[in-house]
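Inspection log for the structure reproduced underneath, given as structure tokens.
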Amino acid sequence: MAHTGLINGTDLIVKIGTDTVAYATSCSLELSADEIDQTSKDSGGWKDIASGLRSWNISCDALYVNNAAAATTEGFPELTTALIARTAVTVHFTFVTPATGDYVYEGSAILSSLSLSTGVEDQATYSATFNGTGALTQNLTS
34 MAHTGLINGT DLIVKIGTDT VAYATSCSLE LSADEIDQTS KDSGGWKDIA
84 SGLRSWNISC DALYVNNAAA ATTEGFPELT TALIARTAVT VHFTFVTPAT
134 GDYVYEGSAI LSSLSLSTGV EDQATYSATF NGTGALTQNL TS
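In the working numbering, the protein residues as written are 34 to 175.
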């Protein structure tokens, strides 16, 4: 049965292929569309726009772990390899345990930003941003 009602953010994750981003603390999906100005003298003094090129990105923050991740997870070292190689990846924004009828968002993306940071006596963390190349699909799990 699909998740219903308000969703606990802990239930949402980012996957690269079939591998989960390890030790993630937050994730987000952003969709946007450029505006095409179609204002004319017939617009009555109001701005008139149409939807233009669409784009999307998925980002996540995670705790940094120095050792190699398990075979079913992606960590900072694996993401660094993908960024250096300029490799497109299939990225998914989904539930930890998808149920029939849950939405899954996925598409091909380029890892466009990866940063590692820490403070004194603080946990090291990293952030990653995947910019979509082509369409984002919205699918229902079955």
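For every residue, glycine included, the Cβ atom is placed at its ideal position computed from N, Cα and C.
For residue i, the residue or residues it bridges with in DSSP
{"i": "residue 143", "result": "121, 164"}
{"i": "residue 171", "result": "138"}
{"i": "residue 54", "result": "107"}
{"i": "residue 48", "result": "53, 125"}
{"i": "residue 158", "result": "96, 150"}
{"i": "residue 89", "result": "64"}
{"i": "residue 132", "result": "In the DSSP output, where bridge partners are listed per residue, residue 132 has none listed."}
{"i": "residue 83", "result": "69"}
For residue i, the three-state DSSP class (helix, strand or coil)
{"i": "residue 43", "result": "helix"}
{"i": "residue 66", "result": "strand"}
{"i": "residue 37", "result": "coil"}
{"i": "residue 76", "result": "helix"}
For residue j and residue i, believed in contact at Cβ under 8 angstroms, the rounded distance
{"i": "residue 95", "j": "residue 58", "result": "6 angstroms"}
{"i": "residue 146", "j": "residue 159", "result": "Contact doesn't hold; Cβ gap of about 10 angstroms is too wide."}
{"i": "residue 89", "j": "residue 64", "result": "5 angstroms"}
Residue i beta carbon near the ligand PLP (any heavy atom closer than 7 angstroms)
{"i": "residue 42", "result": "The ligand PLP is not part of this structure, which contains no ligands at all."}
### Query
Counting Cβ pairs, one atom from each stretch, are 3 or more of them under 8 angstroms apart for the stretch 43-53 and the stretch 124-133?
Taking 8 angstroms as the limit for Cβ pairs, the verdict is that the stretch 124-133 does touch the stretch 43-53.
#### Entry: Cβ pair count under 8 angstroms reaching 3, the stretch 132-142 against the stretch 105-118
No contact exists between the stretch 132-142 and the stretch 105-118.
### Task
Evaluate the contact criterion for the stretch 68-83 versus the stretch 150-168: three or more CB pairs, one atom per stretch, below 8 angstroms.
The stretch 68-83 vs the stretch 150-168: no contact.
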